[in-house]
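To start, the structure itself, in structure tokens.
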Amino acid sequence: MKIVTWNINGIRTFKNGIKSALDSFDADIICVQETKVTRDLLDERTAIVDGYNSYFSFSRGRTGYSGVATFCKDSATPFAAEEGLTGRLVNHGEAVGCYGDQGDFSIEELQSLDNEGRAVITQHKFKHSLEAEGSETLTVINVYCPRADPEKPERKLFKLQFYKLLQSRAEAIVGPRSHVIILGDINTSHQPIDHCDPDDVENFEDNPGRKWLDSFLFEPAENGNDEEEGSEPSLNCVSGGKFIDTFRYFHPTRSNAFTCWSTRTGARQTNYGTRIDYIFANRLLVETNLLNADIMPEVEGSDHCPIWAKLSCTFVPSPRCPALCTCYMPEFMGKQQKLLRFLVKVSGQHTDGRDIEKPLPGSQEVGEICENLNPLAAGVSSGSKRPSDGLPESSTFKGKKSKQAKKATKPQGNLLTFFKPKLTPVVSSSQSLSSGENTETGFKSEEVMPEIHEGTENVNSCIATHSMLTEGHTEVKVKGETNNFSISKTKEDEERCQDQLQSSTMLNQETKKGSCPDFWKSVLHGPPQPPRCNAHDELCVLRTVKKPGPNLGRQFFVCARPQGHSSNPQARCNFFAWVDKRK
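Under the UniProt record's numbering, read the sequence shown as residues 1 to 583, first letter to last.
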């Protein structure tokens, strides 16, 4: 059998179709991490793949974040499947069980550890050979371990808690005929050989994640014959825990064997990365069935590469898929759902007798459960009542009521006011413009003239007036609400109107020709000219500081080559220059 794991950095990595990508691995079980998909965004093409059965775990707190999925060939259909490590997400009778000691965790901690969609467990049966009698159990734990964000100290503790829970659960499942494989993105490089530049990492050996790996892994002695045909790994000098790093079991001294690179710095081109993706297996399984394990750096599409392991045993498929399988999701079954399905019980018990205190925060069922059991809890206060009818009033009703009350205080308008004619200038064949007060109507010319002359928006009025004057007309009649009146225009007004007309014509011509480069250059500053780096004499690239701090948002220039070790002449040099803010 063959097992593959890959952090795909988004389910959209499978651009040519998910089935063709899965088939290309020629594996019985393919585990992927960081799917970045929630259940409401999971489409049928991804969830239901011909020839495979799939099992997903989704993040319940954030969209486009975390998530893992396990795809099993129909010939390797599991007997049981479970989401999460704590067992608190199990709501069916096909759970894997064996939860270990969880006494050191509070209920809130257990809920938060399973709330980000970081684990899927499938349990299979296999035989050592087709002729062998009886079968044994293989439990595959697909995990995406948290990253310790240096800016968030609480995430460091969260990561260590996840490690501790993972170890407790895995060791509880291991038995004489029960084997465990843990695979996925562990997010910690174990030894200096697994890091591109361990000397650049402060307190490399004292990292809590590496100390946990020391206690979790059993490390066989190095035989010094890595990559030599016919060499057999040694299992002397026992140290550490119950599981073995399958890659280092076969390749104990291979260097530059990395599985993750920074895409921002182009570090994959220079192989400047880390090995943080693993396949761990319990000692007995490694000694009896493990054939080989390796990485696949040639496979692109993500900032990680896949890794695989082969075992000399054969799966015994289950006749039917476990209840967690995506084929049983109502949205993919093609059947009409019943109303009773939405009436979910809150209290209940697991198959092992443990009580369910409350559902996970942020899960898709929480809102439905709360509304079904206590409608008043969804933002409606049971104590506040409306003064008129005594019904409960929410904040939404109050907001609507206050707006209606404000509207009610305004006086009722007369419908005839909407049809009242407005004062609009009408150009006629005669024009008589003068400053001062008109004796017929009582209107002053300065009350109307600003509407004709002031501002660039009145150029059209000037154009109309100018056209009338050039034709020899001398009067403009403006219709009012009841009377017609005439206003005379002086020569100064005519000259000002002609100036505005001439300037607008010139502006339109310059805009059409685009003859304002100096003006736009003074307004819109382009990117600064890049300097050349000292080592390679090549143009640098512009970067922006995104890390929170005093330099957030500042721009700087660095060498355009990909990041790499300082001894690599093809890698980026140490050129650095801030961009002057005035430029």
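We treat Cβ as the ideally placed atom computed from N, Cα and C, and that holds for glycine.
- When DSSP assignments are scanned along the stretch 236–296, the uninterrupted stretches of alpha helix (DSSP H) that are 4 or more residues long and fall wholly within it turn out to be 246–250, 283–289.
- Contact annotation: residue 32 and residue 69 have beta-carbon atoms nearer than 9 Å.
- Here the alpha carbons of residue 18 and residue 49 stand approximately 8 Å from one another.
- At the C-beta level, residue 14 and residue 37 stay beyond 9 Å of one another.
- Bridge partners of residue 577 according to DSSP: 557.
- Scanning the stretch 105–185 from its first residue to its last, the whole alpha helix (DSSP H) runs of 4-plus residues come out as 107–113, 153–173.
- Just so you know, the alpha carbons of residue 195 and residue 132 end up roughly 42 Å apart.
- Shortest Cα-Cα distance from residue 530 to any of 139, 330, 549, 555 involves 555.
- Cβ contact annotation for residue 324 (same chain, cutoff 7 Å, sequence separation greater than five): 55, 81, 82, 83, in chain order.
- Under DSSP, residue 33 forms a beta bridge with 7, 68.
- Taking the Cβ atoms as the reference, residue 109 lies roughly 6 Å from residue 161, within the contact range of under 8 Å.
- Counting along the chain, the unbroken beta strand (DSSP E) around residue 314 starts and ends at 314–316.
- The distance from the Cβ of residue 564 to that of residue 270 is about 3 Å, consistent with a contact at the 8 Å cut-off.
- Rounded to whole angstroms, the Cβ separation of residue 278 and residue 183 is 7 Å, and the two are in contact under 8 Å.
- Contact between residue 578 and residue 304 is ruled out by a C-beta separation of about 33 Å, above the 8 Å threshold.
- Put simply, the backbone Cα of residue 203 is about 47 Å away from that of residue 44.
- Note: residue 55 is bridge-paired with 70 in the DSSP secondary-structure output.
- A residue is called buried when at least 16 other Cβ atoms come within 10 angstroms of its Cβ; residue 527 does not meet this threshold and is exposed.
- By DSSP's assignment, residue 544 forms a beta bridge with 555.
- Annotation: residue 144 to residue 213 spans about 15 Å, alpha carbon to alpha carbon.
- The beta-carbon separation of residue 218 and residue 244, rounded to 5 Å, stays under the 8 Å limit for a contact.
- Between the C-alpha atoms of residue 180 and residue 242 there is a straight-line separation of about 10 Å.
- Taken through DSSP and simplified to helix, strand or coil, residue 47 comes out as helix.
- C-alpha of residue 537 to C-alpha of residue 544: approximately 22 Å in a straight line.
- Here residue 308 is bridged, per DSSP, to 4, 294.
- Comparing C-alpha distances from residue 66 to each of 142, 286, 317, 559 shows the shortest one belongs to 142.
- Residue 333 and residue 327 have their C-alpha atoms spaced approximately 6 Å apart.
- Within its own chain, the residues whose Cβ lies closer than 7 Å to the Cβ of residue 560, once the five positions on either side in sequence are excluded, are 538, 539, 540, 541, listed in chain order.
- Excluding the 5 residues flanking it on each side, residue 553 has same chain C-beta neighbours closer than 7 Å at 544, 545, in chain order.
- CA-CA distance, residue 200 to residue 118, rounds to 30 Å.
- Setting aside the 5 residues that flank it on each side, residue 163 is surrounded in the same chain by 212, each with a C-beta closer than 6 Å to its C-beta; the list follows chain order.
- Here residue 28 is not near residue 51, since their CB atoms are 9 Å or more apart.
- The alpha-carbon separation between residue 20 and residue 40 amounts to approximately 24 Å.
- Exposure of residue 205 is indicated by the presence of fewer than 16 other C-beta atoms within 10 angstroms of its C-beta.
- Judged by beta-carbon spacing, residue 294 lies within the 9 Å limit of residue 250, meaning their Cβ atoms are closer than that value.
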